[in-house]
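*Asks:* Before we start, here is the structure in question, set down as structure tokens.
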Amino acid sequence: MTQINGVLGPINPDDLGFTLMHEHVMVCASGLLESYPDLLGQDREARAIATLKKAHDEGVDTMVDATTFDLGRNPELLRTVAEGSGVNIINVTGWWLDVPRFLNGVGPNQMATEFIRDIEEGFRGTDIKAGVLKCAADFEGVTPSLEVMARAVSRAHNETGVPIMVHSFPTGQVARQQIKIFREEGVDLTRVKIDHSNDTTDTEYLKWILDQGCYLGLDRYPGRYVSPHMRTVTLKRLMDDGYGDRLCPAHDCICLHVHKEQPDGSIPEEHEFTRMNPEQYLYIHRFVIPDLLEMGATEQDIKTLFVDNPRRFLAGE
Ligand SMILES: [Zn+2]
Numbered sequence: 001m002t003q004i005n006g007v008l009g010p011i012n013p014d015d016l017g018f019t020l021m022h023e024h025v026m027v028c029a030s031g032l033l034e035s036y037p038d039l040l041g042q043d044r045e046a047r048a049i050a051t052l053k054k055a056h057d058e059g060v061d062t063m064v065d066a067t068t069f070d071l072g073r074n075p076e077l078l079r080t081v082a083e084g085s086g087v088n089i090i091n092v093t094g095w096w097l098d099v100p101r102f103l104n105g106v107g108p109n110q111m112a113t114e115f116i117r118d119i120e121e122g123f124r125g126t127d128i129k130a131g132v133l134k135c136a137a138d139f140e141g142v143t144p145s146l147e148v149m150a151r152a153v154s155r156a157h158n159e160t161g162v163p164i165m166v167h168s169f170p171t172g173q174v175a176r177q178q179i180k181i182f183r184e185e186g187v188d189l190t191r192v193k194i195d196h197s198n199d200t201t202d203t204e205y206l207k208w209i210l211d212q213g214c215y216l217g218l219d220r221y222p223g224r225y226v227s228p229h230m231r232t233v234t235l236k237r238l239m240d241d242g243y244g245d246r247l248c249p250a251h252d253c254i255c256l257h258v259h260k261e262q263p264d265g266s267i268p269e270e271h272e273f274t275r276m277n278p279e280q281y282l283y284i285h286r287f288v289i290p291d292l293l294e295m296g297a298t299e300q301d302i303k304t305l306f307v308d309n310p311r312r313f314l315a316g317e
């Protein structure tokens, strides 16, 4: 059976349990934690451990941490937090949206080689291996530098079999461009998950993605552009239309983030995302699952979404 690379070592797919497929312990910028840690508030490790421990106590077993290099990835922090909280964490490699100008001219094969090393040998200076690949495009669509990353991630996937999660922008139907690249690269689309898909209620577009074979990350809760309830209505509609075995709800929650100075000069103890979602990694347990059950979903449907789908997507079997 395929083992999945977690930050504490290989995970047997049957041990994943209740899995949130798109979360973050920390999001900042590459090197920020090392150079300007206080921007991320005080007691960083302790806060992250306490938050994930609470999530673990209420039933979260595993999280995919979608923090790439350009989002400030720190695998050792994730290991400490996984050890301290009991939550299994799987870290990604690949790239989000911030491609620095110094990478202009670096090609997809070069980047693929680096990503493959993150998967097979571990993030440099550690023995922690990446368990998922990630690439991204947003409102500007797939820019030339993001296309290099998408092709690099595709090639690393073809080489290693590790699945791909994709930051996308549903309002602009950007997954159409991203899926075209994956097809050109020969990627198995049943190993691709198009994320942030519940920032729209356009089920015609979402079903087009599903009909290509991809999974959908319905991974913004409570989110900003669509109300939480309409997100769940859209999720349930897709389940009712027979797509329940390829949907992955999550929060895209960030525990450690930059604390921003207020107009009066004060710096809040909690960053703005936590103020917007005080439930953090438990919003789904406390609001979405009850809402789904109210709409007629069964306990088995819930298990499909949070246990079976993650296991099938991550293990590829
Ligand atoms: Zn994210």
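Counting in our numbering, the sequence shown runs from 1 upward without gaps.
Just so it is clear, CB atoms sit at the ideal spot from N, CA and C, and this is done for glycine as well.
1) Need the endpoints of the beta strand (DSSP E) that T23 sits in, please.
2) For D94, does the count of other Cβ atoms within 10 angstroms reach 16, so buried, or fall short, so exposed?
3) Going straight from the alpha carbon of D341 to that of M295, what length do you get?
4) Taking I181 and C214 to be in contact with their CB atoms under 8 Å, please state how far apart those CB atoms are, rounded to whole angstroms.
5) Please classify T62: does DSSP put it in a helix, a strand, or coil?
6) Does DSSP put A136 in a helix, a strand or coil?
7) Counting only runs of 4+ residues fully inside the segment 61 to 129, write out the alpha helix (DSSP H) ranges in chain order.
8) Helix, strand or coil, according to DSSP, for Y221 in the structure here?
9) Which partner residues of C248 appear in the DSSP bridge assignment?
10) Any C-beta of chain C sitting closer than 8 Å to the C-beta of L146?
11) If distances are taken between C-alpha atoms only, which option among G41, M26 and I128 comes closest to S266?
12) Grouping DSSP H, G and I as helix and E and B as strand, with all else coil, what is N5?
13) Just grab the DSSP bridge partners of P10 for me.
14) Return the residue from the list P170, E184, S168 and G122 that minimises the CA-CA distance to A152.
15) So is the beta-carbon of D70 under 7 Å away from any non-hydrogen atom of ligand 1?
16) Is any heavy atom in ligand 1 found nearer than 7 Å to the beta carbon of D323?
17) Tell me, please, whether the segment 300 to 307 touches the segment 37 to 56 by the rule of three or more beta-carbon pairs shorter than 8 Å.
18) Quick one: is S227 buried, meaning 16 or more other Cβ sit within 10 Å of its Cβ, or exposed?
19) Do three or more CB pairs link the segment 6 to 22 to the segment 96 to 103 at distances below 8 Å?
20) From L235 to G9, what does the alpha carbon distance come to, in whole angstroms?
21) Is it the case that the segment 143 to 157 contacts the segment 105 to 115, given that we only count it when at least three CB pairs across the two stretches are under 8 Å?
22) Where does Y281 land, buried or exposed, given buried means 16+ other C-beta within 10 angstroms?
23) Using the three-state DSSP reduction, which class does K54 fall into: helix, strand or coil?
24) Using a 10 Å radius around the Cβ and a threshold of 16 neighbouring Cβ atoms, would you call M26 buried or exposed?
25) In the DSSP assignment, what are the bridge partners of K193?
26) Can you name, in chain order, every residue of its own chain whose Cβ lies under 6 Å from the Cβ of F69, other than the five neighbours on each side?
27) For E361, I'd like the list of residues in its chain whose CB is within less than 8 Å of its CB, leaving aside the five on either flank, ordered along the chain.
28) For the putative contact between D199 and Y225, defined by C-beta atoms under 8 Å, what is the C-beta separation to the nearest angstrom?
29) From R176 to P163, what distance separates their C-alpha atoms?
30) Cβ-heavy atom distance between H22 and ligand 1 below 7 Å?
31) Just to confirm the assignment: which complete alpha helix (DSSP H) runs, minimum length 4, are found wholly within the segment 233 to 312?
32) Excluding the five sequence neighbours on either side, which residues of its own chain have a C-beta within less than 6 Å of the C-beta of D291, listed in chain order?
*Replies:* So, from the listed chains and residues:
1) For the purposes of this step, residue 23 is taken as the residue at position 23 of the sequence shown. The residue asked about is misnamed: residue 23 is Glu in this sequence, not Thr. Note, E23: beta strand (DSSP E), T19 to M26.
2) Here residue 94 is taken as the residue at index 94 of the sequence shown, counted from 1. The sequence as given places Gly at residue 94; Asp does not occur at that position. Result: buried.
3) Any property of residue 341 remains undetermined from this structure, which presents the chain solely from 1 to 317.
4) Start at 1 with the first residue of the sequence shown, and residue 181 comes out as number 181. Start at 1 with the first residue of the sequence shown, and residue 214 comes out as number 214. That belief does not hold up - the Cβ atoms of I181 and C214 are roughly 13 Å apart, past 8 Å.
5) The residue given as residue 62 occupies position 62 in the sequence shown. Three-state DSSP puts T62 in a strand.
6) Locating residue 136 in the sequence shown gives position 136, where the first residue counts as 1. A136: strand per DSSP, three-state reduction.
7) 75 to 85 and 108 to 120
8) Locating residue 221 in the sequence shown gives position 221, counting from the first residue. The answer is coil: DSSP assigns Y221 none of H, G, I, E or B.
9) Taking the sequence shown and counting its residues from 1, one reaches residue 248 at position 248. G217.
10) The structure shown has no chain C; it contains just one protein chain.
11) Against the sequence shown, residue 266 aligns to sequence position 266. For S266, the nearest C-alpha among the options comes from G41.
12) Numbered from 1 along the sequence shown, position 5 holds the residue referred to as residue 5. DSSP places N5 in strand when its eight states are reduced to three.
13) Position 10 of the sequence shown holds residue 10. Paired residue(s): N5.
14) What you label residue 152 is simply residue 152 of the sequence shown in a count that begins at 1. Considering only alpha carbons, the answer is E184.
15) What you label residue 70 is simply residue 70 of the sequence shown in a count that begins at 1. Every heavy atom of ligand 1 is 7 Å or more from the Cβ of D70, so no.
16) The requested residue 323 is not part of the displayed model; the chain covers only 1 to 317.
17) No, the segment 300 to 307 does not touch the segment 37 to 56.
18) The sequence position of residue 227 within the sequence shown is 227, counting from 1. Label assigned to S227: exposed.
19) no
20) Translated into positions along the sequence shown, residue 235 becomes position 235. Translated into positions along the sequence shown, residue 9 becomes position 9. Cα to Cα, the separation comes out at about 33 Å.
21) Segments in contact, yes.
22) Position 281 of the sequence shown, counted from the first residue, corresponds to residue 281. By the 10 Å Cβ count, Y281 comes out buried.
23) Against the sequence shown, residue 54 aligns to sequence position 54. Here K54 sits in helix by DSSP.
24) Residue 26 sits at position 26 when you count from the first residue of the sequence shown. Its Cβ being crowded by 16 or more others within 10 Å, M26 is buried.
25) As a position in the sequence shown, residue 193 is number 193, starting the count at 1. In DSSP, K193 forms a bridge with M165 and Y215.
26) On the sequence shown, position 69 is the one that residue 69 refers to. Excluding residues within five positions, the ones whose Cβ falls inside 6 Å are S30.
27) What the structure shows of the chain is the stretch from 1 to 317, and residue 361 is not part of that stretch, so it cannot be assessed.
28) For the purposes of this step, residue 199 is taken as the residue at position 199 of the sequence shown. For the purposes of this step, residue 225 is taken as the residue at position 225 of the sequence shown. The Cβ separation is near 5 Å, so the contact holds.
29) Numbered from 1 along the sequence shown, position 176 holds the residue referred to as residue 176. Numbered from 1 along the sequence shown, position 163 holds the residue referred to as residue 163. Going by the C-alpha atoms only, they are around 18 Å apart.
30) For the purposes of this step, residue 22 is identified with residue 22 of the sequence shown, where counting begins at 1. H22 Cβ: within cutoff of ligand 1.
31) 272 to 276, 289 to 294 and 299 to 303
32) The residue labelled residue 291 in the question sits at position 291 within the sequence shown. Cβ within range, chain order: T232.
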